[in-house]
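All letters in the sequence shown, in the order written, are residues 1391 to 1587 by the working numbering. Cβ coordinates follow ideal geometry from the N, Cα and C atoms, glycine included. Just so we're clear, the structure is a prediction, and the values are computed from it rather than from any experiment. Reviewing the structure listed below.
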Amino acid sequence: MRQVGVLALQGDVRAHVTTLENLGAAPRKVRQVSDLAGLDGLIIPGGESTTISHLLITSGLRQPLQGLISSGFPVFGTCAGLIMLATDVIDGRVDQWSFGAVDVSVRRNGYGRQIASFESPIVIDGRGTVPGVFIRAPRIERCGPDVSVIATLDHGDGEHPVLVRQGSAWGCSFHPELTSDVLVHGLFLDALQEALR
Ligand code: GLN
């Protein structure tokens, strides 16, 4: 059974833990540096990226996590978690920072404010369709050459990637943990399994 951490400083931690349990992984909430020992991968949940970026510093987790992520530790960021993994954040707050693991430019709240939240089916080539829940979601406006686009969405403003991967770092604009569909987490766990083989 794979030990997968869920960064539990702020955001919708519980929903990720439940999804991982449903997939038979062993989730562990990560709040401090000692929680990282022996993990096979980490999920950074949605929430508020400015708060998560601040709490990563005060918890002492920023440096050890940056080291792990830079050396290929499997990581998956959803919504605010994607912002935390991006190389470039548009409309960010001046004091926020990110790990730079996925070479994308993301615009915070790029699909509109809370009131503009929406749900849309997301087609994952060859794997099926998942419900995409978008809440103050970041919009991916640029992808670097090493980024694989796994799914896109046209929400009336042109097609934008919504699920991407660069090596062992994955990110998505929506919240796969907020529905009972486990396909997206399953893709990450399959890749993690592959990487550990
Ligand atoms: N807009 C939020 C941020 O900038 C992310 C929203 C979310 O995770 N649902 O962090």
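Grab me the residues of residue i's own chain with a C-beta within less than 7 Å of its C-beta, minus the 5 sequence neighbours each way, in chain order.
i	result
P1528	C1469, L1472, I1473, V1496, R1497, R1498, G1500 and S1563
F1578	F1466 and W1560
T1569	P1521 and V1523
L1413	V1572, H1575, G1576 and L1579
T1542	E1549, H1550, P1551 and V1552
P1454	V1423 and L1426
Q1456	F1489
Are residue i and residue j close, meaning C-beta to C-beta below 8 Å?
i	j	result
T1409	V1572	yes
I1480	E1531	yes
L1445	L1475	no
P1435	G1490	no
Quick one: grab the DSSP three-state call for residue i.
i	result
V1479	strand
S1495	strand
L1579	helix
V1572	coil
L1399	coil
Q1393	strand
V1377	Since the first and last residues shown for the chain are 1391 and 1587, residue 1377 lies out of range.
G1471	helix
G1457	helix
Say yes only if the C-beta of residue i is nearer than 7 Å to one or more non-hydrogen atoms of the ligand GLN, and no if none qualify.
i	result
A1527	yes
R1452	no
R1421	no
H1439	The amino acid at residue 1439 is misidentified as His; the sequence shows Ser. Yes, the beta carbon of S1439 sits closer than 7 Å to at least one heavy atom of the ligand GLN.
I1473	yes
A1415	no
R1470	Inspection of the sequence shows that residue 1470 is occupied by Ala rather than by Arg. Because some heavy atom of the ligand GLN lies under 7 Å away, the Cβ of A1470 counts as near it: yes.
R1498	yes
G1561	no
G1546	no
G1436	yes
Leaving out the 5 sequence neighbours to the left and right, which residues in its chain are closer than 8 Å to residue i when beta-carbon positions are compared?
i	result
R1418	Q1393, V1394, G1395, V1396, D1425 and L1429
Q1422	S1449, G1450 and L1451
R1555	V1492, V1537, S1538, I1540, G1561 and A1581
D1544	H1550
G1518	L1573
Within the same chain, show all residues whose beta-carbon is closer than 6 Å to that of residue i, passing over the 5 residues directly before and after it, in chain order.
i	result
R1483	T1440
E1567	A1405, H1406 and T1409
S1558	G1462, P1464 and A1585
D1478	S1495
R1526	N1499 and Q1504
G1431	V1394, P1464 and L1582
Extract the residue ranges of the beta strand (DSSP E) inside the region 1501–1556, only unbroken runs of 3 or more that lie entirely within it. Entirely contained in the region 1501–1556, the beta strand (DSSP E) runs reaching 3 residues are, in chain order, 1508–1514, 1518–1524, 1529–1533, 1538–1544 and 1549–1556.
In chain order, which continuous runs of the beta strand (DSSP E) of length 3 or greater are located wholly inside the region 1414–1445? Fully enclosed beta strand (DSSP E) runs of 3 or longer: 1416–1420 and 1431–1434.
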